[in-house]
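Counting in UniProt numbering, the sequence shown runs from 1 upward without gaps.
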Amino acid sequence: MFDNLTEKLQNTFKRMRNKGRLTEDDVREGLRDVRMALLEADVNFKVVKDFLSRVEQEAIGQDILESLTPAQGVVRIVRDQLTELMGNHVERIKMASNPPTVIYLVGLQGSGKTTSTAKLAKMLKQQGRQPLMVATDIYRPAAVDQLQALGQQIGVPVIYEDGLSPVQLVREGWQRSRQMAKDVILVDTAGRLHIDNALMDELVQMQKEVPAHETLLVVDAMTGQDAVRVAKAFKETLPVTGVILTKLDGDARGGAALSIRAVTDLPIKLIATGEKVDALEAFQPDRMASRILG
Ligand code: GDP
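So this is what it looks like as structure tokens:
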């Protein structure tokens, strides 16, 4: 994960450490390398600019330059600011005080929605919840089959009926959750290759029928700034409450992870790091920052 970025940052900080004492110019030169590394990692241009001005403001201070290990001081500042950039705290999935909690997973086709729906169901089940999944991607029969297979694998029921529209399916899911005494409804929705009005409209109609407690946008980390643009577009139409960032296991750059929060103000709530059903975890900004710095 983020191997390219980590390697470049490590080289920069190694050069700084080798110098021992640092002048203001040394720090500025080091931060120019950090800037290049972030831009090459496909981090949003403005995010990089603001980030570096915050780091520079802190790093040029007397305390850092006169300390015995100034390079370490700079690394600490970069780590703190990276953590801040990604939202600082763990953002949990909000559960309704009056169950069932309704969670929609939305996003483009291929982003990892169906897989993430099952992963989240498994995670919630392990936490003692009683989830149920609703398959509403009626345009892609393979998606329904895939969710049903995953449901069997993790022992979570999947609601689906031929001939029902997505709006009718969520209503059905809601009614069945009452009958089956399930406390979380996970709705796997249809995706398109591109954002289109019909897709958004349908999601809006579904949420009118069965309101959401959480609308989680699933985005593919490997698509970098495209993932950020997708997040902006979905947020304009739907009450998106958080992001699930998938395929981090294949992301050598890190641009999406480092930009989404700052650009869209949406918290990354969960990250997916593999194809298996247990490859989902809560997103911890501080741990991610440490991982990026290696
Ligand atoms: P959907 O069209 O949005 O429902 O996407 P799917 O859930 O069908 O996922 C598309 C492909 O991405 C599948 O082959 C998944 O196995 C794969 N995938 C999903 N999440 C991850 C992940 O975190 N890491 C990796 N390596 N593959 C993933």
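For each residue, glycine too, the CB sits at the ideal point set by N, CA and C. Predicted, not measured: the structure shown is a model, and the values here were computed from it.
Any idea what DSSP makes of residue i, helix, strand or coil?
i           : result
residue 272 : strand
residue 66  : coil
residue 60  : coil
residue 183 : coil
residue 188 : strand
residue 228 : helix
residue 158 : strand
residue 34  : helix
residue 48  : helix
residue 73  : helix
residue 252 : coil
residue 223 : helix
residue 23  : coil
residue 210 : coil
residue 277 : coil
residue 238 : coil
Would residue i and residue j qualify as a contact pair, given that the criterion is a beta-carbon distance under 7 Å?
i           : j           : result
residue 277 : residue 118 : yes
residue 51  : residue 85  : yes
residue 187 : residue 134 : yes
residue 100 : residue 22  : no
residue 243 : residue 258 : no
residue 83  : residue 286 : yes
residue 246 : residue 262 : no
residue 282 : residue 4   : no
residue 151 : residue 158 : yes
residue 20  : residue 107 : no
residue 94  : residue 194 : no
residue 116 : residue 124 : no
residue 54  : residue 81  : yes
residue 122 : residue 77  : no
residue 204 : residue 170 : no
residue 241 : residue 215 : yes
residue 288 : residue 237 : no
residue 2   : residue 254 : yes
residue 230 : residue 206 : no
residue 132 : residue 97  : no
residue 140 : residue 183 : no
residue 256 : residue 227 : yes
Between which two residues does the alpha helix (DSSP H) harbouring residue i extend?
i           : result
residue 214 : Segment 214-220 is the beta strand (DSSP E) holding residue 214; no alpha helix (DSSP H) there.
residue 41  : No alpha helix (DSSP H) contains residue 41, which DSSP labels as neither H nor E.
residue 173 : 166-179
residue 244 : That residue, residue 244, is in no alpha helix (DSSP H); its beta strand (DSSP E) goes 242-246.
residue 196 : Element bounds for residue 196: n/a, residue is neither H nor E.
residue 147 : 141-154
residue 263 : 255-264
residue 293 : 285-293
Taking the continuous beta strand (DSSP E) assigned at residue i, which residues delimit it?
i           : result
residue 282 : 280-282
residue 5   : Run containing residue 5: none in the beta strand (DSSP E); it sits in the alpha helix (DSSP H), 3-19.
Which runs of the alpha helix (DSSP H), 4 residues or longer, sit entirely within the segment 83-139? 113-126
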